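The block underneath contains the structure these notes are about, expressed in structure tokens.
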Amino acid sequence: MSDPLQSSLATAALEAAPFGVLILDRDQRVCWMNATAEEFLDVEAERLIGLGLNGLSGGELSYLSEPKEIVAVPMGLDTRWLKCWHLPLRIDNQIAGEIYFYIDITEYRQIRTERDQLAEDLSRQSMRDPVTGLPNRRGLLAALEPQVSRSRRYGNPLALIRLQIDDIDQLDGRHGASTVDRVMLTIGQVLRDRTRWADLIGCFEAGEFLLVMPETTKGIAVQLAEKFCSWVADLKITAMDGSTITVVARCGVTEWMRGDDSAKMLRRTLQALKYIRNSTKRFVS
């Protein structure tokens, strides 16, 4: 085995360490700290050496009495975050003091905070259609389920209107994706402006809007669907080539019935739309 490390060499090694080191004796007095610890903890070693935990004024380093894994050190208007390891020091199997090791994780926490914020922003964006700003399929499904649960529990009326733009693929082929975006944006604004605050409107599929309408019976929903189709037919939308286009919308309507879940209601609106394609009707329930 190698000879024991000389005390002066060990002290020099700890002094040069890129992490903070603070040592307390068995009486809980500060007996040594390196320059990195001074910087991290924003204190002067000369003023602290010999002081016990009870002698630290104004709560200075008061967290030493209750060691924490993460330590927040005020630095003016900012905060330095340190990760702390707290271990007993033993000599000949006797506790001779305590040692604290610190590493600065401020930058890491900042990166993690920015990452979490970005993840939250992406999560919000993933619930929204990028063109209209309305909820997308994921956002609609997330909002529909509580409404169905409410109807299941209390028997409250709930209606769905699935509005589909006719020949959306042909519109794309003739005028391009930018014109389709204009159509969706314009119709989305009309629907949002002419419905109640409690109604939820979103883009469900390509060329489709879904309206979730609480406290609405099938009869009222059918009347609204007729109005929506008329409003859409009256729109004059300017295409990217400057031409004016009109579009036709058809609606599938359903209401909540006992035993329904979200999937069943959505399936009925799709069945209604399939029926409409083979008929002259513009809406069906």
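Number 109 in numbering that gives the first Met the number 0 belongs to position 110 of the sequence shown; there are no gaps in the numbering. Glycine is no exception: its CB is placed at the ideal position from the N, C-alpha and C atoms. Source: prediction; values computed, not measured.
Excluding sequence positions up to five away, which residues of its chain have a Cβ less than 7 Å from the Cβ of L23? Numbered from its first residue, the sequence shown carries residue 23 at position 24. So the list reads V29, C30, G96, E97, once near-sequence residues are dropped.
With burial defined as no fewer than 16 other Cβ atoms inside 10 Å of the residue's Cβ, what is the status of W255: buried or exposed? Counted from its first residue, the sequence shown places residue 255 at position 256. So W255 counts as buried.
Classify G218 as helix, strand or coil using the three-state DSSP reduction. Numbered from 1 along the sequence shown, position 219 holds the residue referred to as residue 218. Three-state result, G218: helix.
How many angstroms separate the CA atom of T267 from the CA atom of T253? Numbered from its first residue, the sequence shown carries residue 267 at position 268. Numbered from its first residue, the sequence shown carries residue 253 at position 254. Looking at the sequence provided, one finds Arg at residue 267 rather than Thr. Cα to Cα, the separation comes out at about 7 Å.
Applying the 10 Å Cβ sphere with the 16-neighbour rule, what's the burial state of P129? On the sequence shown, position 130 is the one that residue 129 refers to. P129 is exposed by the Cβ-count criterion.
Going by DSSP, which residues form a beta bridge with D103? Along the sequence shown, one-based indexing puts residue 103 at 104. L81, per the DSSP bridge assignment.
Whether or not the region 136-143 and the region 191-209 are in contact is what I'm after, with contact meaning three or more pairs of Cβ atoms, one per stretch, closer than 8 Å; do they touch? yes
Excluding the five sequence neighbours on either side, which residues of its own chain have a C-beta within less than 8 Å of the C-beta of R149, listed in chain order? The residue you call residue 149 lines up with position 150 of the sequence shown. Same-chain partners within the cutoff: N155, L157, P213.
Residue burial classification, T10 (beta-carbon count within 10 angstroms, cutoff 16): By 1-based counting over the sequence shown, the position of residue 10 is 11. The residue is exposed, with fewer than 16 neighbouring Cβ atoms inside 10 Å.
Outcome for L86 when other beta-carbon atoms lying within 10 angstroms are tallied against a minimum of 16: Here residue 86 is taken as the residue at index 87 of the sequence shown, counted from 1. The residue in question, L86, is exposed, as its Cβ has fewer than 16 Cβ neighbours within 10 Å.
Validate contact between the region 216-234 and the region 165-172 using beta carbons, cut 8 Å, 3 pairs: no
Where does D115 fall in DSSP's three states? Counting from 1 along the sequence shown, the entry for residue 115 is found at position 116. Helix.
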